[in-house]
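Visitor: Just so we're aligned, residue 1 is where the sequence shown starts under UniProt numbering, counting upward by one. The structure's right below; bear with me while I get my questions together.
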Amino acid sequence: MKVPETHRRLVQVYKAEAPHENTIRIWFGKFENNYFFLNDASRSGLSVWWSVHGVHHWEFLDEGKTITAEYYSAQLQNIRAQLNLSPLK
(Lines of atoms letter the chains of each structure in order from A and count residues from 1; the text may use other names and numbers.)
(Lines give C-alpha, C1' and ligand atoms only; values in the text may rest on other atoms or scores of the structure.)
Protein backbone atom coordinates (compact mmCIF):
# COMPACT_ATOMS: atom_id res chain seq x y z
CA MET A 1 0.00 0.00 0.00
CA LYS A 2 1.25 3.49 -0.85
CA VAL A 3 1.41 6.55 1.41
CA PRO A 4 -1.55 8.46 -0.15
CA GLU A 5 -3.83 5.41 0.13
CA THR A 6 -2.78 4.82 3.74
CA HIS A 7 -3.44 8.48 4.53
CA ARG A 8 -6.86 8.35 2.87
CA ARG A 9 -7.83 5.30 4.92
CA LEU A 10 -6.61 6.85 8.18
CA VAL A 11 -8.59 10.04 7.45
CA GLN A 12 -11.72 7.92 6.88
CA VAL A 13 -11.31 6.39 10.33
CA TYR A 14 -9.74 9.17 12.41
CA LYS A 15 -11.02 12.27 10.53
CA ALA A 16 -9.18 15.42 11.71
CA GLU A 17 -7.13 13.37 14.20
CA ALA A 18 -5.41 11.40 11.41
CA PRO A 19 -1.66 11.93 11.05
CA HIS A 20 -0.48 14.20 8.25
CA GLU A 21 0.58 12.53 5.02
CA ASN A 22 4.18 13.66 5.57
CA THR A 23 4.21 11.88 8.94
CA ILE A 24 3.03 8.68 7.27
CA ARG A 25 5.75 9.11 4.64
CA ILE A 26 8.36 9.29 7.44
CA TRP A 27 6.88 6.16 9.03
CA PHE A 28 7.05 4.28 5.72
CA GLY A 29 10.71 5.27 5.36
CA LYS A 30 11.43 3.88 8.82
CA PHE A 31 9.53 0.65 8.11
CA GLU A 32 11.44 0.13 4.85
CA ASN A 33 14.67 0.31 6.90
CA ASN A 34 13.34 -2.25 9.42
CA TYR A 35 12.90 0.43 12.08
CA PHE A 36 9.52 -0.12 13.70
CA PHE A 37 9.58 2.43 16.55
CA LEU A 38 7.34 5.45 16.00
CA ASN A 39 8.35 7.42 19.08
CA ASP A 40 10.14 10.69 18.45
CA ALA A 41 13.63 11.11 19.81
CA SER A 42 13.73 12.77 23.20
CA ARG A 43 14.28 16.51 23.18
CA SER A 44 15.90 18.84 25.66
CA GLY A 45 12.86 21.09 26.06
CA LEU A 46 15.13 24.09 25.67
CA SER A 47 13.57 27.09 23.96
CA VAL A 48 16.12 29.64 22.71
CA TRP A 49 15.53 33.02 21.07
CA TRP A 50 18.56 34.62 19.45
CA SER A 51 19.69 37.06 16.81
CA VAL A 52 22.98 38.16 15.26
CA HIS A 53 23.63 39.94 18.56
CA GLY A 54 23.49 36.70 20.55
CA VAL A 55 21.01 34.86 22.76
CA HIS A 56 18.16 37.08 23.98
CA HIS A 57 16.13 34.57 25.96
CA TRP A 58 16.18 30.90 26.90
CA GLU A 59 14.10 28.67 29.12
CA PHE A 60 13.45 24.99 29.69
CA LEU A 61 9.98 23.63 29.08
CA ASP A 62 8.45 21.93 32.14
CA GLU A 63 8.52 18.12 32.08
CA GLY A 64 5.55 16.72 30.14
CA LYS A 65 4.60 20.07 28.60
CA THR A 66 4.47 20.84 24.90
CA ILE A 67 4.80 24.11 23.05
CA THR A 68 1.37 25.43 22.13
CA ALA A 69 0.31 28.56 20.28
CA GLU A 70 -0.43 30.22 23.62
CA TYR A 71 2.99 29.30 25.05
CA TYR A 72 4.75 30.52 21.90
CA SER A 73 2.76 33.77 21.89
CA ALA A 74 3.61 34.41 25.55
CA GLN A 75 7.31 33.89 24.81
CA LEU A 76 7.16 36.36 21.92
CA GLN A 77 5.48 38.96 24.13
CA ASN A 78 8.08 38.48 26.88
CA ILE A 79 10.94 38.81 24.43
CA ARG A 80 9.43 41.92 22.88
CA ALA A 81 9.15 43.45 26.35
CA GLN A 82 12.74 42.48 27.20
CA LEU A 83 14.03 44.03 24.00
CA ASN A 84 11.76 47.05 24.39
CA LEU A 85 10.34 46.62 20.90
CA SER A 86 7.06 48.05 19.73
CA PRO A 87 4.58 45.76 17.97
CA LEU A 88 4.36 45.91 14.19
CA LYS A 89 1.70 48.28 12.95
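Virtual Cβ for every residue (Gly too), placed ideally from N, Cα, C. In this text, all values refer to a predicted model and were calculated from it rather than measured experimentally.
Going by alpha carbons, who is nearest to residue 60 out of 48, 52, 54?
Guide: Of 48, 52, 54, the residue nearest in Cα terms is 48.
Visitor: Beta-carbon within less than 6 Å of residue 7's beta-carbon, same chain only, minus the 5 sequence neighbours each way: which residues are those?
Guide: Within the same chain, residue 7 has close Cβ partners 21, 24.
Visitor: What does DSSP give as the partner residues of residue 59 in its beta bridges?
Guide: Beta-bridge pairing links residue 59 to 47.
Visitor: Specify the secondary structure class of residue 64 as computed by DSSP and reduced to three states.
Guide: Here residue 64 sits in coil by DSSP.
Visitor: Quick check on this structure: which residue in 12, 9, 29 has the alpha carbon closest to the alpha carbon of residue 38?
Guide: It is 29 whose Cα lies nearest to the Cα of residue 38.
Visitor: Compute the Euclidean distance between the alpha carbons of residue 5 and residue 14, then round it to the nearest angstrom.
Guide: The alpha-carbon atoms of residue 5 and residue 14 are separated by roughly 14 Å.
Visitor: By Cβ distance, which residues of its chain are closer than 8 Å to residue 55, with the 5 residues on each side in sequence left out?
Guide: 48, 49.
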